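These protein sequence lines map, in sequence, to chains P and R. When we follow the working numbering, the leftmost residue of the first sequence carries the number 1, and every step to the right adds one. When we follow the working numbering, the leftmost residue of the second sequence carries the number 301, and every step to the right adds one. Even glycine gets a Cβ: it sits at the ideal position worked out from N, Cα and C. Remember, predicted model here, so these are calculated numbers, not experimental data.
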Amino acid sequence: MGDKRPRSFYILAAFFSAYVLFLYGPMIAIYILSFQGPDGGLTFPMNGVSLTWFGKVFSGGGIVDIGAAFKRSLALGLVVMVITVVLSVAAGMAFRKPFRGASILFYTAIASLIMPSIITSLGIALEFRLIDDFVNKHGANVGLGWLADGYTTAMGLFTSGLGAHLTWTLPFGLLIMFAIFNRFDGRLEEAARDLGATPWQTFRHVVLPIILPSVVGIGLFGFTLSWDELARSSQAIGSVNTLPLELQGLTTTVTKPDIYALGTLTSAVSFVVIFAALSVILVLQARQRRQGSDAGKGMV
Amino acid sequence: MAVTIETSPDSVAPAEGALRKLTMRSIAWLQAGPMMLVFALFFLLPLVLVVIVSAWDYNEYEMIPAFSFRGYTDTFEGCVANLPELCTILKTYLKTLKLCLLTWGLTLLIGFWVAYFLAFHVRSKTWQIVLSLLCTIPFWTSNVIRMIAWIPLLGRNGLVNQGLIGAGFINKPVEWLLFSEFSVVLALVHLFTFFMVVPIFNSMIRIDKRLIEAAYDAGASGWQTLVNIVIPLSKPGIVIGSIFVITIVMGDFVTIGVMGGQQIASAGKIIESRLSALQFPAAAANAVILLGITIIIISALTRIVDVRKEL
Chain P
1 MGDKRPRSFY
11 ILAAFFSAYV
21 LFLYGPMIAI
31 YILSFQGPDG
41 GLTFPMNGVS
51 LTWFGKVFSG
61 GGIVDIGAAF
71 KRSLALGLVV
81 MVITVVLSVA
91 AGMAFRKPFR
101 GASILFYTAI
111 ASLIMPSIIT
121 SLGIALEFRL
131 IDDFVNKHGA
141 NVGLGWLADG
151 YTTAMGLFTS
161 GLGAHLTWTL
171 PFGLLIMFAI
181 FNRFDGRLEE
191 AARDLGATPW
201 QTFRHVVLPI
211 ILPSVVGIGL
221 FGFTLSWDEL
231 ARSSQAIGSV
241 NTLPLELQGL
251 TTTVTKPDIY
261 ALGTLTSAVS
271 FVVIFAALSV
281 ILVLQARQRR
291 QGSDAGKGMV
Chain R
301 MAVTIETSPD
311 SVAPAEGALR
321 KLTMRSIAWL
331 QAGPMMLVFA
341 LFFLLPLVLV
351 VIVSAWDYNE
361 YEMIPAFSFR
371 GYTDTFEGCV
381 ANLPELCTIL
391 KTYLKTLKLC
401 LLTWGLTLLI
411 GFWVAYFLAF
421 HVRSKTWQIV
431 LSLLCTIPFW
441 TSNVIRMIAW
451 IPLLGRNGLV
461 NQGLIGAGFI
471 NKPVEWLLFS
481 EFSVVLALVH
491 LFTFFMVVPI
501 FNSMIRIDKR
511 LIEAAYDAGA
521 SGWQTLVNIV
531 IPLSKPGIVI
541 GSIFVITIVM
551 GDFVTIGVMG
561 GQQIASAGKI
571 IESRLSALQF
581 PAAAANAVIL
591 LGITIIIISA
601 LTRIVDVRKE
611 L
């Protein structure tokens, strides 16, 4: 291939730019509109510029308790992130050697990933409904009287809700681990072993530093997918709502730009997390290069 | 958990083969076990319960653990009686399939060319990463917000209508832009083209560039190279992307709900509305039907390509 770009390059570059505009354009429109003046409406033109609608969100004026939903989503997202990272790294390590059940776990993860969310959500709701029915009807007979007393439901943010989110984040975590270990040079571990490192030392000082940037990536997926999760939570979250569920509820009732302000705030959290994670990944990669970990490069 | 590696007696003298193998296996189990447990509790068991409960009886208040096909018969009510006329459930599934096909076609078309551009036209690795990230970032942000984002553009007084009126194409605002099948498909394409781009890009990036040069040297036109080399070798990615998009759209109720103004029925929405009426067996029966159809589509697609080899 020569240096001169073929004509198809320019056509496809234009197509790609249009796609990116299509991706970002609408989002940018609501970020701008969330600064709508006090008399402004849901559409352009801007009627002045103000922070009125952000104020409305924070004071809770008219909208449901957004602050609480915000905190709930944040807490759930962090828990999901930590569990996703730990379980994915562990399972990813397991897949490096053959073990019975490996393909069952693999296919279960894939099935969980592509299962229509409403079915997973329904299943979890059903499971907890049956648990509730059982406790209410038979709790006293099987020595769970203390539980049945004043019992309402086992469903909740950190039971059914957490489970629902994990069925969505764990497959991503596992697939990322697969991608990491596809490129991983196993000789590095052998070398560590030969030098007398214990398995834990090998993991802690050889494997983990090399895979760390991608592990941060798993954390990024874990948090953002949970923070924005909607379909799987919808039936399985119990009596309290997460932020995306509140937002979805608002789409049918709200006629003022406060919904944009809330959207802008929610996105702001996503963007902060995304850029924090990406910067950490960049720093880690730069450090790997600088500290001369010539891992896998052979003789330099 | 990774920590469990510590318990391995690896540092002890060169272990006897059998014992070593055994500990290796139990370590693998300790590492993979927690994830398996989560899937067992929150995915496999719930699925089994859905299938079981779909064959339970129910009344207005609760499900009754007695065998009954009421969930299914209620679902297909009137399907035989009103025959020339399609019953609600069939109409709903046809509508869902239509939305699914439209979305699939569009995401495939857009996804293929975006992936093609990234894989073959972007030459520097850095730019490839930057542009891929540009496509990925929206995936990490909220779907609901990306739906709401269409309101100021497509609404009655939205930018599109303003623009069309301003340009003199129309006199009064077009109504079908928002809360219509059009806006549903638009939003689905907007949200899920990403799921096409990633696997197709993955397949394309593995194509040996020398194959393309060889085709060029042998006198193949760009079009011939595309049809005879790039597309066949991208097939695994195309299939995986298609599975993603089709399963998402078949079960979708959020996008169709929000963008359809809660007026358009879909397979996923039936389940949701049965659930909100607390008719668990009926919801479960619908879930089983949806699951069956989804499995048929996926197995048809996986016949084209062995997915496991591609991961």
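With 16 or more other Cβ atoms inside 10 Å of its own Cβ, leucine 590 of chain R counts as buried. Around the C-beta of glutamine 524 of chain R, fewer than 16 other C-beta atoms lie within 10 Å, and the residue is accordingly described as exposed. Isoleucine 531 of chain R and serine 521 of chain R have their C-alpha atoms some 14 Å from each other. Listed in chain order, the alpha helix (DSSP H) runs fully inside the segment 365-397 of chain R are 370-375, counting runs of at least 4 residues. Ranked by Cα distance from arginine 446 of chain R, the options P/Thr251, P/Leu282, P/Gln36 are led by P/Thr251. Contact with chain R is absent for arginine 183 of chain P, since none of that chain's Cβ atoms lies less than 9 Å from the residue's Cβ.
Closest by C-alpha distance to glutamine 248 of chain P, out of R/Thr547, R/Phe553, R/Ile546, is R/Phe553. CA-to-CA, the gap between valine 497 of chain R and glycine 163 of chain P works out to about 29 Å. Distance from the CA of isoleucine 131 of chain P to the CA of asparagine 586 of chain R, rounded to the nearest whole angstrom, comes to 22 Å. Residue environment for arginine 290 of chain P: exposed (fewer than 16 other C-beta atoms within 10 angstroms of its C-beta). The beta carbon of proline 532 of chain R does not come within 9 Å of any beta carbon belonging to chain P, so the residue lies off that interface.
In the displayed model, glutamine 524 of chain R falls within a helix according to three-state DSSP. Proximity of tyrosine 151 of chain P to chain R, defined by a Cβ-Cβ separation below 9 Å, is not satisfied. Around phenylalanine 544 of chain R, the beta-carbon contacts reaching into chain P at under 9 Å are Leu113, Ile114. Leucine 230 of chain P has a beta carbon lying within less than 9 Å of a beta carbon in chain R.
What tyrosine 361 of chain R touches in chain P, judged by beta-carbon distance under 8 Å, is nothing: the nearest beta carbon there is about 12 Å away. Chain P has no Cβ within less than 9 Å of the Cβ of cysteine 400 of chain R. When DSSP reads this structure, valine 49 of chain P sits in a beta bridge with P/Gln36. For tyrosine 358 of chain R, DSSP records a beta bridge to R/Met363. Under the Cβ distance rule, isoleucine 119 of chain P counts among the residues neighbouring chain R, one pair being separated by less than 9 Å. Looking at the backbone, the Cα of valine 338 of chain R and that of serine 226 of chain P are separated by about 16 Å.
Among the residues facing chain P, valine 414 of chain R is included, as its CB has a counterpart in that chain under 9 Å away. When the five nearest sequence neighbours on each side are left out, the beta carbons in the same chain lying within less than 8 Å of the beta carbon of leucine 245 of chain P are those of Ala69, Leu230, Ser233, Ser234, Ile237, in order along the chain. Think of a sphere of 7 Å around the beta carbon of proline 244 of chain P: the chain R residues whose beta carbon falls inside it are Ser442, Val444, in chain order. Comparing alpha-carbon positions, the option among P/Ala261, P/Phe203, P/Ala277 lying closest to alanine 192 of chain P turns out to be P/Phe203. Between the C-alpha atoms of glycine 48 of chain P and isoleucine 211 of chain P there is a straight-line separation of about 49 Å.
Contact of phenylalanine 580 of chain R with chain P is assigned, a C-beta pair being separated by under 9 Å. In terms of CA proximity to isoleucine 546 of chain R, R/Gly568 leads the group R/Gly560, R/Leu533, R/Ser534, R/Gly568. With a beta-carbon spacing of about 5 Å, threonine 167 of chain P and threonine 120 of chain P fall inside the 8 Å limit used to define contacts.
Remark: three or more beta-carbon pairs, one from each stretch, lie closer than 8 Å, so the segment 347-365 of chain R and the segment 568-583 of chain R are flagged as touching.
Contact between proline 171 of chain P and glutamine 36 of chain P fails: their C-beta atoms lie close to 40 Å from each other, not under 8 Å.
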